[in-house]
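A short write-up of the structure that comes next.
Right, dumping it as structure tokens:
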């Protein structure tokens with residue numbers, strides 16, 4: 001089969017299509033003939049040599065795909081040859097075929113094309129496992145998503161709004177904010193021109209005390225009155241990391257939960273911890289790729305139960321920005337790293 005090989009750690013130019021051996025299909029796996037795969041930021045980190053592969057994972061990039069089942073392992077009873085599916089992968093999506101544990105395979109959501117279905121598994125499993133399964137985000141609460149125009153962001157906006165949650169987003173341009181607004185975001189903040197901490201506090205009933213404290217050289221709302229602790233959102237989904245940690249804590253209300261899924265801005269920072277105690281805050285973090293097969297299967301089952309019905313009802317739609325052939329994987333990576341896109345970027349074998 002043909003697959004995109006990372007010839008050496010480096011820039012997009014190190015991605016080369018080569019002829020490689022077909023995947024070996026285990027007893028508990030299915031082999032999928034790939035219709036499409038979708039790019040994720042983790043793919044660019046892997047390409048740079050900064051994302052070690054989980055044990056046993058395919059060396060080729062690609063954390064999700066859609067396609068048709070062509071081989072079924074002898075222990076698999078839930079899928080058959082010819083089924084059209086999409087799947088959460090540990091790697092290998094940038095190829096014509098990929099072997100996947102049966103528990104990580106999903107049916108194509110009703111009303112979605114086979115190709116566009118490739119845009120859902122990674123973002124759906126990431127968002128559902130973090131802010132819903134772990135942070136227990138509930139109807140009537142508030143959510144702040146950084147990078148609202150990303151694949152993760154565009155999905156999170158839609159599913160949260162469907163579940164009755166007030167959604168705040170940050171993005172770096174008015175065009176991206178407009179796209180987020182069209183998807184249902186309630187409060188759209190340009191992080192390049194506006195202090196998102198002050199805006200969140202203002203929109204949630206605060207008196208702007210955080211901004212005053214910061215002007216005085218003080219960090220964290222631990223000096224505020226009990227009545228102002230309720231200002232802030234309930235849950236934040238963050239992929240920036242270190243530079244945003246203090247700001248995120250300052251943007252949370254009482255019993256707020258911060259979930260970190262990436263470190264695009266860096267992993268090291270200094271923080272005043274007093275606000276965690278004063279407002280009973282929780283800081284959580286997790287990846288998806290390194291979880292056990294059992295844990296991934298549980299997440300996939302939860303996504304099928306809670307998310308697929310929302311997609312079938314038209315409440316959550318695939319947001320596909322552009323599609324490239326597999327041979328142009330390098331160009332697709334350049335587009336992703338340029339951050340001008342909204343939603344997902346697909347590759348077609």
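Residue numbers (the UniProt record's numbering): 1 to 349. Cβ atoms here follow ideal geometry from the backbone N, Cα and C, with glycine treated the same way. From a predicted model like this one, the values you see are computed outputs, not experimental measurements.
Between the options, which has its C-alpha nearest residue i's C-alpha?
i	options	result
residue 265	117, 186, 147	147
residue 68	157, 32, 134, 159	32
residue 311	285, 7, 107, 339	107
residue 12	349, 2, 338, 348	338
residue 66	160, 297, 96, 134	96
residue 237	57, 79, 49, 132	132
residue 75	30, 63, 115, 306	30
residue 9	39, 36, 49, 27	49
residue 84	56, 36, 293	36
residue 26	56, 34, 247, 346	56
residue 127	315, 302, 341	302
residue 159	239, 332, 72, 314	314
residue 239	292, 251, 286	286
residue 70	333, 99, 60, 166	99
residue 247	291, 263, 195	195
residue 34	336, 105, 263, 182	105
residue 45	180, 114, 263	263
residue 304	123, 172, 181, 136	123
Do residue i and residue j have their C-beta atoms within less than 8 Å of each other?
i	j	result
residue 269	residue 242	yes
residue 47	residue 20	no
residue 378	residue 151	Lying outside 1 to 349, the shown extent of the chain, residue 378 is not represented and no answer is given.
residue 231	residue 256	no
residue 103	residue 53	no
residue 125	residue 319	no
residue 233	residue 200	yes
residue 168	residue 144	yes
residue 410	residue 2	This structure cannot speak to residue 410, because the chain is shown only from 1 to 349.
residue 134	residue 259	yes
residue 116	residue 73	no
residue 101	residue 288	no
residue 261	residue 130	yes
residue 4	residue 326	yes
residue 140	residue 161	no
residue 189	residue 170	yes
residue 308	residue 109	yes
residue 38	residue 118	yes
Residue i: buried (16+ other C-beta within 10 angstroms of its C-beta) or exposed?
i	result
residue 193	exposed
residue 23	buried
residue 7	exposed
residue 349	buried
residue 329	buried
residue 63	buried
residue 296	buried
residue 112	buried
residue 216	Confidence at residue 216 is low in this model, with a pLDDT of 43, below 50, so its placement is unreliable and the value that follows should be read with caution. Counting Cβ neighbours within 10 Å, residue 216 comes out exposed, since fewer than 16 surround it.
residue 80	exposed
residue 93	buried
residue 205	exposed
residue 280	exposed
residue 176	buried
residue 273	exposed
residue 333	buried
residue 61	buried
residue 86	buried
residue 78	exposed
residue 340	exposed
residue 226	With a pLDDT of only 45 at residue 226, under 50, the local geometry of the prediction cannot be trusted, and the value read off the model is given with reservation. Exposed.
residue 267	exposed
residue 316	buried
Assuming residue i and residue j are in contact, meaning their beta carbons sit under 8 Å apart, how far apart are those beta carbons, in whole angstroms?
i	j	result
residue 203	residue 187	5 Å
residue 249	residue 276	7 Å
residue 342	residue 149	5 Å
When the cut-off is 8 Å and only beta carbons count, does residue i lie next to chain B?
i	result
residue 40	Looking for chain B here will not work: only one protein chain is present.
In the segment 71-120, which residue ranges form an unbroken beta strand (DSSP E) of at least 3 residues, counting only runs that do not cross its ends?
84-88, 97-101, 105-107
Which runs of the beta strand (DSSP E) fall wholly inside the segment 246-292 and span at least 3 residues, in chain order?
252-260, 282-285
In chain order, what are the residue ranges of uninterrupted alpha helix (DSSP H) at least 4 long that sit wholly in the segment 296-322?
308-312
Taking only runs of the beta strand (DSSP E) that begin and end inside the segment 114-199, which ones reach a length of at least 3 residues, in chain order?
The segment 114-199 contains these whole beta strand (DSSP E) runs: 142-146, 166-171, 187-190.
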